[in-house]
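Read through the structure below, which is laid out as structure tokens, and then see the notes.
Residue numbers (this note's numbering), protein chains in the order written: chain A, 303 to 945; chain B, 303 to 945.
Below, the structure written as structure tokens:
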């Protein structure tokens, strides 16, 4: 790996089963994700900067640099600095992807304002430590100081990998902030951790960029310290910030879902760097259990509004699903690291599911509104959030332009801008494609040979993925091309190579050949819409089915069913499979009108099983990620079955 | 009503369909409630005082009176004063019921300490207004200052009605505190309301005790002011404290469930006093809708942990049921006021259900532990809360001795001590029995005639309620004896009068006769255990049934089913009705072991419908109020049906 330039990618482990390919190696040239990336670049980034300015979160840095009375005038919550850093990270990736001059100048302008606020010893936070403010590190539980530095580091890492040697000063600024963290919380410093993990991945990545082992050691120390009750207890219990059980001993992801995923991702990074198999095993087991028992069908995580947290096993209520957008981002971060470490295609399965059904559900089609939480069932019509001021974070309403706690918009922006780096990997033997989008993948191996492929597909609208070997390299050396057959493609997937078609099953299918330019591999995934049944232990959706097509979860939305007051009146007839009608996924439904009573619990079961009063042969469903774009509606992913 | 002494009862409206009978009129002499009352008197009251002292919540008054540095040493949350007042109220009722000398001296001692803290203008609160503290009324949203005064007034009202003319000074203290509220928040004062309703019922009752209309007018003003956004917005929305919609315009109980019930109860009081039919209609409609769509089968209210609030219609998840004990108390307060106003037996139905399944579920059998929330489903074994320090309020664990927010123990104590006043009423024509317990009811009418009955029953263990006419009054004037036939007794209830038995149906059955001493009326209620089915719109319990017997909800508890890891493995066979086996309610169950998968959503429905691997002919259930008294267990009220 040393033979080639570091990839422009968020995660670059020194070892592991697979090696990431970056923005320079992979291009998305069309389709679903190209559309999302261009809305992100063209609309969301400017929208975000507008709100960051409007809410004063960038100006806080100016105040800290002396432009005013910081203590009196500072605006925003404890973690508002991190939104500016996540915006910078998004810009850095987008500039790396598109070379946009205007974005470059915006990036430099914001970096300069941030830099001006850094204190002489490297400390950087606009909320603590200056006259009239609470002292530095005086509130590790809720202050988010270390967490904010983590996002600063990620921005600097993104910049260093997309514009190595840039003269904007961000990397140096980040180094000094990281040194301040290490000076303060190192082995001889405060024995503390941050109430919100996030610094761990950042320090490891900065160590990888700078080749400074100190940052890695500090990340390892933070991982090891957690779980010993260093943080004070809170009403939700210390599991809220994963300070209940040491990382090595925990058996499942728990507590605040964003915190849990960020911490686990950092623990994987540390484990991989330090060859700590025990730590990696522990996190892998936590992830496996969380996926098997604590994850929504959308890939969403977090079942509790109270503490934005995982519920217990099987506690997955659709109507009170929290499924925070940022938890989806964190879940992708964790699964990607495990995929690189292990090569386990189930990790890529979860990434695909989460990208299509959480990450792409949050932003509005115009890129200027976001879901903070991603409910799977809305009973009442949402109301249009105030376009002119930040919304509460978990209001049951339509996508909002900004939130009082506005972590999600910037998290979406940095994820979409760097998405290209999550599609393909390489190993010594060849290329692996994990997510499918039209585009190109090229990789120069350590031996100098360049492997290039072009992917043509309309996935996920269509199941055909056509991979063509490119280039003028007609070396006779064989190499391996691996494709992921998603877990949902249990039956009917085929692979065609050199005119021969065979059935393939979920997992990784590898073709190792002396490929010639023009050779084609065609993966055909079964795209018939299908019913999906829940594990019987998930009490919240007993007697219901969901509908999926490929990796996309569908939903019943009231705007598609004229004459129905609410989608809750519909019962799906599972005796007929869902089908495609005029290009839309449809199901057969019955309508019921439950009887109103003064007391909703009855001795006579007949009173609770209303007979249908109408039938709908083909009720169209909407891709879950596209719902709530046509005005107020009611919606459900899990539809009760007609008995 | 003026002809007789005021009843020793918490609520004494000047008009309304029914008139309450108090502690002097009604005696409970045995059975379920006598047991609860004696545990409350013998154990809970001392337990409460112990914790109030231990946590320093009574000492706060000493500090305020000058015994120390209040600002520096005060302990407890904003509302801790109210716990002392609720304890005083409980003592007052208990002294009125039992004439206990020791309780009387404890009562006087605590009153003296409270009195010493009152400021010269009547203001009384240990958290605000003194040197080093936040100014008075500086945090109406969360400060609970007015709310605390409300509980002080209720304590004084209880005392005034049980010991009229007592020289302890509490009534005068309360008057001065109430005058301070009226001076401060009257028509010419601050246009404000308290973030937590509760003052409204208190002011009305104090007006009834003192015949001072000023307090009633202030209560009416508080009711009218609410719903106009006088309180600042909060993340949960202003519906959290019912400041979203004026009381007259709201159509359903919403927001924080305790606040909602307290406010609605106060609005009924105001409406009744001021003959405000529109206001009464509005609250009645809110109650009707809340009962029909937002109430658990236990009578519990509040489906959200986040804001301790009502969920939307049909949002009643059993596993995340909040069903706060205090919301149950508030619901009894509201339903009782509506019953007095309207005579609607559905109000008494809800009271019965809530008393047997919420109010009696909270306290441990020894009276020294309490549930703060009352979940309907526990998936994981609870852990024994710390006996030595206050627990978080909504921890999923066993009953705890005390809470950081410890509103529930004192609320239970005052409710049980005054319970006798909720059993029977009178009107010009006779007596009405609403709740059944062995004991006596006597009432001297305005015309001087005394009506006396003795109730003999083992209800709810047995369905026979035997009412004997007592006394030596052989006036030939007929009078009416009314009995409530509970809503759950849809079939099979009979009434026997003078040897003649007839079928009766839910509602009020009235016998008007020239009763003679020794005459008997026997109500027989059908006590066969029964399955109860949920409205199909309650998504959280689709495909499940509950089991009830009489007014008591039953539950499946793991300690009763050896060989089963968790109650979630059981499926109830509804083809056989529940029955009594050796005195216990039992059901036939199948055991299933769902298959573990790495992803819990499957295309093949067979993978989600495991076949039973064992059958249990008679699984014993436990009365829900008695669960969690035999060590850690899993439990469910709603049991999935075997298909």
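Ideal Cβ positions, reconstructed from N, Cα and C, are used throughout, including at glycine.
Exposure of residue i, with buried meaning 16 or more beta-carbon neighbours within 10 Å
i             : result
residue 307/B : exposed
residue 321/A : buried
residue 715/B : buried
residue 877/A : exposed
residue 305/A : Per-residue confidence for residue 305/A stands at a pLDDT of 42, beneath the threshold of 50, marking its modelled position as unreliable; the derived number appears in the next sentence. That one is exposed.
residue 693/B : buried
residue 315/B : buried
residue 492/B : exposed
residue 899/A : exposed
residue 933/A : exposed
residue 627/A : buried
residue 807/B : exposed
residue 882/A : exposed
residue 412/A : buried
residue 879/A : exposed
residue 784/A : buried
residue 349/B : buried
8 Å Cβ cut-off: residues of chain A touching residue i
i             : result
residue 980/B : Because chain B is modelled from 303 through 945, residue 980/B falls outside the range shown and cannot be assessed.
residue 910/B : 835, 836, 837, 838
residue 792/B : 905
Chain B contact residues for residue i, given Cβ-Cβ distances below 9 Å
i             : result
residue 590/A : 900
residue 878/A : In chain order: nothing, as chain B lies at least about 14 Å away.
residue 942/A : 838, 841, 844
residue 561/A : Those do not exist, as residue 561/A stays about 17 Å from chain B at its closest Cβ, beyond 9 Å.
For residue j and residue i, believed in contact at Cβ under 8 Å, the rounded distance
i             : j             : result
residue 554/A : residue 592/A : 6 Å
residue 480/A : residue 517/A : 6 Å
residue 456/B : residue 519/B : 19 Å between Cβ atoms; not a contact.
residue 886/A : residue 853/A : At roughly 17 Å, the Cβ-Cβ gap does not stay under 8 Å, so residue 886/A and residue 853/A are not in contact.
residue 890/B : residue 875/B : 4 Å
Interface partners of residue i on chain B, CB under 7 Å
i             : result
residue 593/A : 900, 901
residue 621/A : 617, 841
residue 870/A : 839
Residue i - partner residues in DSSP beta bridges
i             : result
residue 729/A : 732/A
residue 812/A : 784/A
residue 804/B : 797/B
residue 754/A : 744/A
residue 322/B : 727/B
residue 826/B : 766/B, 796/B
residue 693/A : 705/A
residue 835/B : 904/A
residue 404/B : BP columns for residue 404/B are empty, so no partner.
residue 858/A : 938/A
Closer than 6 Å: residue i CB and nearest the ligand ZN heavy atom
i             : result
residue 315/A : Ligands displayed in this structure: none; no statement on the ligand ZN is therefore possible.
Chain-ordered neighbours of residue i on chain A, where CB pairs are closer than 9 Å
i             : result
residue 694/B : 535, 536, 537, 538, 539
Beta-carbon neighbours of residue i, restricted to chain A and to distances below 7 Å
i             : result
residue 608/B : 607, 608
residue 789/B : 901
residue 648/B : 900
Where residue i meets chain B, residues with beta-carbon distance less than 8 Å
i             : result
residue 681/A : 614, 615, 616, 617
residue 276/A : Residue 276/A is absent from the model: chain A starts at 303 and stops at 945.
- Can you check the region 351-375 of chain B for any alpha helix (DSSP H) of at least 4 residues that lies completely inside it and give the ranges in chain order? 361-364, 372-375
- Message: At 4 residues or longer, what runs of the alpha helix (DSSP H) sit wholly inside the region 474-536 of chain B?
- Response: 501-512, 515-527
- Task: Give, in chain order, every unbroken run of the alpha helix (DSSP H) that is at least 4 residues long and sits entirely within the region 639-670 of chain B.
- Result: Counting only runs of 4 or more residues that sit fully inside the region 639-670 of chain B, the alpha helix (DSSP H) segments are 647-656, in chain order.
- Message: Quick check on the DSSP output: what are the complete beta strand (DSSP E) runs of length 3 or more inside the region 870-907 of chain A, in order along the chain?
- Response: 872-874, 881-883, 886-893
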